[in-house]
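Down below is the structure, laid out as structure tokens.
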Amino acid sequence: MTEVSPGLENVYIKYTALTYIDGNKGIMRYRGYDINELAEKSSFEEVSYLMLFGELPDESELQNFKNQINKNLKLPDYMKNILKELPEKADSLGILQTVLSARSSVESNYKYSEKNDMEIIPEILGNVLSIVANIYRLKSGRDIIDPVPDKNYASTFLRACFDKIDDDKINAMDSALILYMDHEIPASTTSALVTASTLSDMYSSLVSAIAALRGPLHGGAAEGAYKQFLEIKTPENVEPWFNKNIIDDKKRLIGLGHRVYRTYDPRLTSFKKYADKLSTAPDQKNILEIAKRLEALGVKTFSPKGIYTNTDFYSGIVFNAIGFPVDMFTTLFGLSRVSGILAHIIEYVEKQERLIRPRAIYNGYDRRDYKK
Ligand code: CMC
Numbered sequence: 026m027t028e029v030s031p032g033l034e035n036v037y038i039k040y041t042a043l044t045y046i047d048g049n050k051g052i053m054r055y056r057g058y059d060i061n062e063l064a065e066k067s068s069f070e071e072v073s074y075l076m077l078f079g080e081l082p083d084e085s086e087l088q089n090f091k092n093q094i095n096k097n098l099k100l101p102d103y104m105k106n107i108l109k110e111l112p113e114k115a116d117s118l119g120i121l122q123t124v125l126s127a128r129s130s131v132e133s134n135y136k137y138s139e140k141n142d143m144e145i146i147p148e149i150l151g152n153v154l155s156i157v158a159n160i161y162r163l164k165s166g167r168d169i170i171d172p173v174p175d176k177n178y179a180s181t182f183l184r185a186c187f188d189k190i191d192d193d194k195i196n197a198m199d200s201a202l203i204l205y206m207d208h209e210i211p212a213s214t215t216s217a218l219v220t221a222s223t224l225s226d227m228y229s230s231l232v233s234a235i236a237a238l239r240g241p242l243h244g245g246a247a248e249g250a251y252k253q254f255l256e257i258k259t260p261e262n263v264e265p266w267f268n269k270n271i272i273d274d275k276k277r278l279i280g281l282g283h284r285v286y287r288t289y290d291p292r293l294t295s296f297k298k299y300a301d302k303l304s305t306a307p308d309q310k311n312i313l314e315i316a317k318r319l320e321a322l323g324v325k326t327f328s329p330k331g332i333y334t335n336t337d338f339y340s341g342i343v344f345n346a347i348g349f350p351v352d353m354f355t356t357l358f359g360l361s362r363v364s365g366i367l368a369h370i371i372e373y374v375e376k377q378e379r380l381i382r383p384r385a386i387y388n389g390y391d392r393r394d395y396k397k
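In the working numbering, the protein residues as written are 26 to 397.
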């Protein structure tokens, strides 16, 4: 019998050699390498290259890839103008979506091929760095700039955002970019694949992904989790807040639960390490203490159902300690995810291409006679 699988749960739409997840054991690897080891030992560019082209780069491949990205940090004027024209209250991820969408309008004849992909990928990575840095600059009342290449992607990005930045924060950003780079095929990547499967261009496919990322059940969770901590205000208020909101009002505890994991999200190891290291100011320590108490209560209550902490519970604390406000969190997630999404698009379109066109089982009226 044909059955509907709500949420496409347990439906497999592609083979992948990119990300391996064992949701029961809490294991995650990119092309066979443990995610936390990559976050510790590699840079964003190296891991992007690994995901996009199959292996970690040697020195000259890495330098060439970095040079190509750096050549694309200067945005064309029309993109800068759109950035300036959008209203102040515009949502930062919505701005990213809109500017990429404008770019897609001049890429409509894109033909997937290894050669074309090699050219457009560094262009997209350079452009996205610049767009996101400038979204942050405009939101904090500063002018648009062309980011200046620094030692790596993370430092180029943070130096474009902030006047002063230290190495601990650059390392944390670099790791966050790696940890968030890919996660098999969540809603956003699936949206990109649906679009790319029609042979629509890369920018349009990316726009589809960003649109899906915006929802609070997906990319918005880091922001949602952090807002819970702000609402709780003090560590002493964790238990009363939890009892009222989560137990009595049956709200979901944001930052807990996952479609794939039945244990802790493995990326938490690195995020917790950076949250501990960077939360040095009294208000940051306060938030971290709230988070730890809330996590303990949430896990105690929900782990019997297989619900544990996901990465978004702590990533916002890290982003905030680097210097970003809450309304940038989802956009930073978007920035991190771009290479993973592009790697999935290439893997799908060039190796397994088939138009994604599922079916729905009709359960409406039987034939009816037309009457006015
Ligand atoms: N708090 C309380 N109860 C929960 C939670 C939660 N965070 N998550 C799931 N449950 C309960 C849910 O109420 C249901 O209970 P019951 O069986 O008694 O009705 C059961 O667990 C199964 O929930 P589900 O919604 O069927 O599970 P799902 O696989 O569709 O949900 C999820 C996955 C991420 C949407 C959900 O866990 C959730 O809403 N979490 C909070 C939002 C969040 O943190 N999202 C970030 C996900 S990780 C980033 C990403 O990959 O996008």
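Cβ coordinates follow ideal geometry from the N, Cα and C atoms, glycine included.
I want to check one thing, is the minimum distance from the CB of residue i to the heavy atoms of ligand 1 below 7 Å?
i: Asp47; result: no
i: Arg284; result: yes
i: Pro211; result: yes
i: Phe16; result: Residue 16 lies beyond the residue range present for the chain, which begins at 26 and ends at 397; the question has no answer from this structure.
i: Arg277; result: yes
i: Phe327; result: yes
i: Lys330; result: yes
i: Ala234; result: no
i: His369; result: no
i: Gly280; result: yes
i: Asp337; result: yes
i: Gly32; result: yes
i: Ala246; result: yes
By DSSP, does residue i sit in helix, in strand, or in coil?
i: Met26; result: coil
i: Leu43; result: coil
i: Ile52; result: strand
i: Thr334; result: strand
i: Asp59; result: strand
i: Leu281; result: strand
i: Lys105; result: helix
i: Asn268; result: helix
i: Ser216; result: helix
i: Pro31; result: helix
i: Asp171; result: coil
i: Ser304; result: coil
i: Val153; result: helix
i: Asp142; result: helix
i: Leu121; result: helix
i: Ala237; result: helix
i: Ala385; result: coil
i: Pro260; result: helix
i: Asn134; result: coil
i: Ile210; result: coil
i: Pro350; result: coil
i: Ser225; result: coil
i: Lys397; result: coil
i: Tyr286; result: coil
I need the straight-line Cα distance from residue i to residue j, nearest angstrom please.
i: Asn141; j: Val374; result: 13 Å
i: Arg162; j: Leu33; result: 39 Å
i: Ala221; j: Tyr137; result: 10 Å
i: Thr326; j: Ala217; result: 35 Å
i: Ile23; j: Leu183; result: For the chain, the structure presents residues 26 to 397; residue 23 sits outside this window and is missing.
i: Ser295; j: Asn61; result: 6 Å
i: Val15; j: Gly151; result: Examination of residue 15 is not possible in this model, given that the chain is present from 26 through 397 alone.
i: Arg167; j: Leu293; result: 33 Å
i: Asp193; j: Ser67; result: 15 Å
i: Glu65; j: Ile381; result: 37 Å
i: Asn268; j: Lys276; result: 10 Å
i: Pro147; j: Gln93; result: 6 Å
i: Glu70; j: Ile272; result: 44 Å
i: Thr213; j: Phe358; result: The identity of residue 213 in the sequence shown is Ser, whereas the question assumes Thr. When rounded, the distance between both Cα atoms is 11 Å.
i: Asp260; j: Ala42; result: In the sequence as presented, Asp is not what sits at residue 260; that position holds Pro. The straight-line gap from Cα to Cα measures roughly 43 Å.
i: Ile160; j: Phe349; result: 12 Å
i: Asn177; j: Leu202; result: 12 Å
i: Tyr45; j: Leu63; result: 14 Å
Please decide whether residue i counts as near chain B, where near means a Cβ-Cβ distance under 8 Å.
i: Val374; result: The structure shown contains no chain B; it is built from a single protein chain.
Just to confirm the assignment, what range does the alpha helix (DSSP H) spanning residue i have?
i: Asp193; result: 192-204
i: Glu256; result: 246-257
i: Glu70; result: 69-78
i: Glu375; result: 354-377
i: Asn89; result: 84-95
i: Arg184; result: 178-186
Using 7 Å as the cut-off, classify the Cβ of residue i as near or not near the heavy atoms of ligand 3, replying yes or no.
i: Leu242; result: With respect to ligand 3, the structure offers nothing, as its ligand set consists of ligand 1.
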